[in-house]
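For reference, the structure is listed below as structure tokens.
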Amino acid sequence: MSDLLTESPVGNAPDWTVSELSGALKRTVEDAFGHVRVRGEISGYRGQHSSGHAYFSLKDTNARIDAVVWKPTFNRLRLKPEEGLEVVAIGRITTFPGKSSYQIVIEQLEYAGAGAIMAMLDERKRRLAAEGLFAPERKRRPPFLPRVIGVVTSPTGAVIRDILHRLSDRFPRRVLVWPVRVQGDTCGPEVAAAIRGFNALEPGGPIPRPDVLIVARGGGSLEDLLGFSDEAVVRAAAESAIPLISAVGHETDVTLIDFAADVRAPTPTAAAEMAVPVRGELVAAIQAGGARLIGAMARAAERRRADLRGLARLLPSAETLLAVPRQRLDLASGRLPRALKANAAAHRLQLTRAEGRLSPHRLVQLVAGRRERFTLVAGRLDAALRANANAHRERIHRARERFEGQHARLGPAWRRALAERGRRLDAIGKLMGALSYRGVLARGFALVRDADGQPLRSAAAIASGQRLDIEFADGHVGAVAGEGNPGIPPVGSPLADPPPTRARGPRARAEPKGKAKDLPAARAQPTLFDD
29 MSDLLTESPV GNAPDWTVSE LSGALKRTVE DAFGHVRVRG EISGYRGQHS SGHAYFSLKD
89 TNARIDAVVW KPTFNRLRLK PEEGLEVVAI GRITTFPGKS SYQIVIEQLE YAGAGAIMAM
149 LDERKRRLAA EGLFAPERKR RPPFLPRVIG VVTSPTGAVI RDILHRLSDR FPRRVLVWPV
209 RVQGDTCGPE VAAAIRGFNA LEPGGPIPRP DVLIVARGGG SLEDLLGFSD EAVVRAAAES
269 AIPLISAVGH ETDVTLIDFA ADVRAPTPTA AAEMAVPVRG ELVAAIQAGG ARLIGAMARA
329 AERRRADLRG LARLLPSAET LLAVPRQRLD LASGRLPRAL KANAAAHRLQ LTRAEGRLSP
389 HRLVQLVAGR RERFTLVAGR LDAALRANAN AHRERIHRAR ERFEGQHARL GPAWRRALAE
449 RGRRLDAIGK LMGALSYRGV LARGFALVRD ADGQPLRSAA AIASGQRLDI EFADGHVGAV
509 AGEGNPGIPP VGSPLADPPP TRARGPRARA EPKGKAKDLP AARAQPTLFD D
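Under this note's numbering, the first residue of the sequence shown is numbered 29, with each subsequent residue one higher.
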């Protein structure tokens, strides 16, 4: 009897369904932990899910809790989740009945102190260095005297005034300022967009492309400078085709853009000094170089003049040089009259011999022979021209006959070819009509597509609540899929099994059993479509 009394309270307890118990636990947990701050290390983060939500865990040395960030909240987060980052998560505790587990729904993320920020920066630095973004061979020397300087900074701060003032003192240059926010959530994306925007400018375009870039900001706390350690900023600096000078913070401040930039300046003013030389020093150096050049040229000319005078003393005099040629000229002038007379006598003898060979009779014979040869050649040429003309005339006549015969055969052949092509085209059209899915639609079938216009081939591929487009032979109808077992039509659907009827008469009893069983199954099968 005592055992029955002991067990009676348990036996009288109401029965809970699993869903009811899970709902009660969910309400209890949410009421008790409506708003919490949890500190831990992010673990298992692999980026956003295809749905846009983010799933990961928060852990410490002894425990772990599941965490979820819904898509709208993720887009508003100032601090995005990263694997191994120590954070303070602000949100509410709830349960997930599907796994009988509890989790935190995160609404805001914060760094868990300066140590967490440094750990995050160290991890990001190691990862980007492993990709080679900080390699020394990637860095380039800025131009000695750039024509245009691009500055990425706040247009209202003291930094831009310091840079312009130092450039004006050293060597005035044209400056293009890309205004950005230098701290806050949008700092990183704006700085990265500014670096890529300067690189996208076309050389020789309406806006001149800078020869060197300066990314500058004044001093600040570690949190204020986080935008310049953003991964997008580091990648944009490493990809920049224009040499880039990093001048973020004071000399003791270090950001990740300093490692990706071509040159790191301790301050924005030092960046301006690195970008251009001192104009006065250049002018003085040029003047000193010009003076040295003029002096060197004068000394070289004097040395060559002395060398020329020394060499001139070694040359023989004009009388010595002209003595031998003068003697040869005198000898030649003495032999010239006799040579002229001998040459004239030799030419006179050649003329006399040629005159003896020429006579009028000889000329007449020569002309007659040439005339006879010309007459023979003219006769042969005339005969050849007549024969060539006759041959061409005969060839043209034969070609005209062949053309007339082919023209007479062309008409019937063309008409036969057109008739054959028409028959083939009709056959192909009938075949296309037979194979087209619209013929299947005309026989009473329908084509079901999803919201993207892709055909759905099975009921299992349709989710509950999914928007559908059903195409009939005479138009389209929009629909929304309801809940139910795929492949089994809902009650009341035209495709559902008809209610059993009592057979009446001998004709009803004579119906084959196969047809009565196959009709609902055939109606329940998914429609086949032709793509």
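Beta carbons: idealized from backbone N, C-alpha and C, even for Gly.
Is the beta carbon of residue j closer than 9 angstroms to that of residue i?
i: Ile191; j: Ala299; result: yes
i: Glu111; j: Gly80; result: no
i: Ala293; j: Ile177; result: no
i: Ala244; j: Ala275; result: yes
i: Pro344; j: Phe172; result: no
i: Gly506; j: Ser492; result: no
i: Gln136; j: Phe102; result: no
i: Ser268; j: Arg201; result: no
i: Asp213; j: Arg106; result: yes
i: Pro164; j: Val240; result: no
i: Leu156; j: Ala60; result: no
i: Pro563; j: Ile314; result: Here the chain comprises residues numbered 29 to 559, so residue 563 is not present and cannot be evaluated.
i: Ala186; j: Gly255; result: no
The beta strand (DSSP E) spanning residue i covers which residue range?
i: Val180; result: 176-181
i: Ala117; result: 114-124
i: Lys87; result: 82-87
i: Arg495; result: 495-500
i: Glu135; result: 129-139
i: Ser196; result: Segment 186-198 is the alpha helix (DSSP H) holding Ser196; no beta strand (DSSP E) there.
i: Gly503; result: 503-508
i: Arg202; result: 202-207
i: Gly212; result: Element bounds for Gly212: n/a, residue is neither H nor E.
i: Glu69; result: 64-71
i: Ile273; result: 272-276
i: Leu475; result: 475-477
i: Leu241; result: 240-245
Does the ligand SAM have even one heavy atom less than 8 angstroms from the beta-carbon of residue i?
i: Gly75; result: Within the structure as shown, the ligand SAM is missing, as the structure has no ligands at all.
Can you check which of these residues, the options, is closest to residue i by C-alpha distance?
i: Lys87; options: Glu230, Val66, Met302; result: Val66
i: Ser128; options: Pro164, Gly51, Gln355, Leu339; result: Gly51
i: Glu309; options: Arg198, Gly433, Leu463; result: Arg198
i: Pro183; options: Ala163, Ser196, Arg209, Arg168; result: Arg209
i: Pro100; options: Ile134, Glu218, Phe124; result: Ile134
i: Gln211; options: Glu251, Arg444, Arg421, Lys54; result: Glu251
i: Val508; options: Ser486, Gln482, Val476; result: Val476
i: Gln131; options: Arg155, Pro125, Thr45, Asp94; result: Asp94
i: Ser45; options: Arg104, Glu159, Arg307, Pro125; result: The sequence given here has Thr at residue 45, not Ser. Measuring from the Cα of Thr45, the nearest candidate turns out to be Pro125.
i: Thr560; options: Ser78, Ile70, Val97, Val96; result: Any property of residue 560 remains undetermined from this structure, which presents the chain solely from 29 to 559.
i: Thr568; options: Gly317, Phe256, Ile188; result: In the structure as shown, the chain begins at 29 and stops at 559. Residue 568 is therefore absent and cannot be evaluated.
i: His193; options: Val57, Glu301, Ser486, Arg426; result: Glu301
i: Arg120; options: Val97, Ala367, Arg408; result: Val97
Which residues mark the beginning and the end of the alpha helix (DSSP H) in which residue i is found?
i: Phe287; result: 285-288
i: Gly51; result: 46-60
Take residue i and list the residues in its own chain whose beta-carbon comes closer than 7 angstroms to its own, dropping the five residues that flank it on each side.
i: Ala536; result: With a pLDDT of 42 at Ala536, under the threshold of 50, the modelled position of that residue is not reliable, and no figure is offered here.
i: Thr295; result: Ala275, His278, Glu279
i: Pro534; result: Low per-residue confidence applies at Pro534: pLDDT is 42, beneath 50, and the placement is therefore not dependable enough to give any value.
i: Leu32; result: Residue confidence for Leu32 is low, a pLDDT of 42 falling below 50, so the modelled location carries little weight; the figure read from the coordinates is stated next. The answer is none, since no qualifying residue turns up.
i: Lys167; result: Asp290
i: Ala479; result: Arg495
i: Ala538; result: Its pLDDT being 40, under 50, Ala538 is placed unreliably by the model, and the measurement read from it follows with that caveat. Excluding residues within five positions, none has a Cβ falling inside 7 angstroms.
i: Met148; result: Glu110, Leu113
i: Arg154; result: none
i: Arg307; result: Arg198, Phe199
i: Tyr83; result: His77, Val96
Excluding sequence positions up to five away, which residues of its chain have a Cβ less than 6 angstroms from the Cβ of residue i?
i: Ala340; result: none
i: Tyr139; result: Ile145
i: Asp43; result: none
i: Arg92; result: Ser85
i: Thr34; result: For Thr34, the predicted structure reports a pLDDT of 48, less than 50, and the residue's modelled location is therefore unreliable. A value from the coordinates is still provided. So no residue of the chain qualifies.
i: Lys54; result: Thr123
i: Gly457; result: none
Return the chain-ordered list of same chain residues with a C-beta closer than 8 angstroms to the C-beta of residue i, the five sequence neighbours on each side being excluded.
i: Ala329; result: none
i: Ile270; result: Gly178, Phe226, Asn227, Arg237, Pro238, Asp239, Val240, Leu241
Handout entry: Stretch pair the segment 273-289 + the segment 255-264: three plus CB contacts closer than 8 angstroms
Key = The segment 273-289 is in contact with the segment 255-264.
Exercise for the section: Tell me, please, whether the segment 459-472 touches the segment 492-507 by the rule of three or more beta-carbon pairs shorter than 8 angstroms. Expected result: With the cut-off at 8 angstroms, the segment 459-472 and the segment 492-507 touch.
Practice task
Report yes or no: do three or more beta-carbon pairs, one from the segment 164-182 and one from the segment 202-213, lie closer than 8 angstroms?
Solution key: Flag = yes, the segment 164-182 and the segment 202-213 touch.
Handout entry: At least three beta-carbon pairs within less than 8 angstroms, the segment 306-326 to the segment 209-218
Key = Taking one beta carbon from each stretch, the segment 306-326 and the segment 209-218 have fewer than 3 pairs nearer than 8 angstroms; the two do not touch.
Handout entry: Cβ pair count under 8 angstroms reaching 3, the segment 115-128 against the segment 56-66
Key = The way I'd put it, the segment 115-128 does touch the segment 56-66; three or more beta-carbon pairs between them come closer than 8 angstroms.
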